[in-house]
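Undergrad: First the structure, which I've put down as structure tokens, then a few questions once you've had a look.
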Amino acid sequence: MPVEVHGHRGARGLRPENTLPGFAHAVALGVDAIELDVGLTADNEVVLNHDQTLSPHNLKDTKPAHPGDPAYPYVGKRIRDLTLPQLRTINAGAGGIPTLTETCALLAPTHITLSVELKTDPTWPPHEIDLLLGTTVEILTSAGLTNRTRLLAFDWRVLTQARDNHPTFGRVALAERKTLTPNTTWLAGQSPADPVSAAAEIGATAFSPEHVLTTPPLVEAAHARALPVIVWTVNTPEEMTRFIDYDVDAIVTDYPDRLIQLQTATPR
1 MPVEVHGHRG ARGLRPENTL PGFAHAVALG VDAIELDVGL TADNEVVLNH DQTLSPHNLK
61 DTKPAHPGDP AYPYVGKRIR DLTLPQLRTI NAGAGGIPTL TETCALLAPT HITLSVELKT
121 DPTWPPHEID LLLGTTVEIL TSAGLTNRTR LLAFDWRVLT QARDNHPTFG RVALAERKTL
181 TPNTTWLAGQ SPADPVSAAA EIGATAFSPE HVLTTPPLVE AAHARALPVI VWTVNTPEEM
241 TRFIDYDVDA IVTDYPDRLI QLQTATPR
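Structure, rendered in structure tokens:
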């Protein structure tokens, strides 16, 4: 069976990330899933952006939301400290920053799975996590996407709350080197010594490691715990082939066209 093709932030290497045109392009390419990132605004709207702060690397200010707005310019500020009208003025490279509601309207008519990463970190208080998670789940449920959505998080408290309060959603435990250090605060109290077992203990339904962490023994260990492995972020055909040979279940890539072409040319 071919590995699933997950478009990273849409098709980040081909179109501006976390934008509606980027998602439309990924759909047209034929991806199986789209990975996207969500955060919460000051007025409790769920919007798409990779970082908790607005980055000048992919975002530009255009004008204040209203004349004399003391918060302007907005780039460099936290999403949680800005309102949706303020964020609407930001140029994201292909239109503005979309809301999750707009994204659901675009993707609901397709077959695409949504991999929704909730952008929290260990400094967030539990009530803030609950607010972002609950609001996100409400939007996805209203769009009829419950069965086509996985909730992703590096901060595994998101996953334990999802397990307890929203168990119908898939829960993907993200892991990278910085979250697996000794005395880590990212894993909801679990030990980083055996991240696969830790992910299983908190009720994850899939394990998604950084590519440098992904080895054949790790894949075997995850499969032994009935956890699919979703490796990220893999962009060259050579690396894609290597991870396919490792028997991973899905590959997250900035260039989904390359992975689709590779699997079309050399089907498993």
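Numbering of the sequence shown is given in the UniProt record's numbering, commencing with residue 1 and proceeding in unit increments.
C-beta: ideal position from N, C-alpha, C; glycine also.
1. Short of 7 Å in beta carbon distance, which residues of its chain neighbour residue 249, apart from the five on each side in sequence? Order them along the chain.
2. Please classify residue 105: is it buried, with 16 or more other beta-carbons within 10 angstroms of its beta-carbon, or exposed?
3. Can you give the Cα-Cα distance for residue 112 and residue 216, rounded to whole angstroms?
4. Name, in chain order, the residues that DSSP records as bridge partners for residue 207.
5. What three-state label does DSSP hand residue 147 in the structure shown?
6. Quick check on DSSP: helix, strand or coil for residue 191?
7. Give me the Cα-Cα distance between residue 96 and residue 32, rounded to the nearest whole angstrom.
8. For residue 39, write down the residues that DSSP places opposite it in a beta bridge.
9. Rounded to whole angstroms, what's the CA-CA distance from residue 167 to residue 161? Just pull it up for me.
10. At what residues does the beta strand (DSSP E) containing residue 115 begin and finish?
11. Please go through the same chain and pick out, in chain order, the residues whose beta-carbon is closer than 6 Å to the beta-carbon of residue 75, but skip the five residues on each side of it.
12. According to DSSP, which residues form a beta bridge with residue 91?
13. Can you confirm whether the stretch 76-87 touches the stretch 3-21 when touching is taken to mean that 3 or more C-beta pairs between the two stretches lie within less than 8 Å?
14. In this structure, does DSSP put residue 251 in helix, strand or coil?
15. In this structure, how does DSSP classify residue 65 when only helix, strand and coil are distinguished?
16. Could you tell me whether the stretch 37-47 touches the stretch 116-128, where touching means 3 or more Cβ pairs closer than 8 Å?
17. I'd like the span of the beta strand (DSSP E) that includes residue 3, first residue to last.
18. May I ask which residues mark the beginning and end of the alpha helix (DSSP H) holding residue 165?
19. Quick one: what's got a C-beta closer than 7 Å to residue 81's C-beta in the same chain, skipping five residues either side?
20. Any idea if residue 119 is buried or exposed, counting beta-carbon neighbours within 10 angstroms, 16 or more meaning buried?
TA: Let me lay it out:
1. 3, 4, 228, 229 and 230
2. exposed
3. 28 Å
4. 173 and 229
5. helix
6. coil
7. 25 Å
8. 47
9. 9 Å
10. 113-118
11. 54, 56, 59 and 61
12. 60
13. no
14. strand
15. coil
16. yes
17. Counting along the chain, residue 3 falls outside any beta strand (DSSP E), and DSSP gives it neither H nor E.
18. 157-165
19. 42
20. buried
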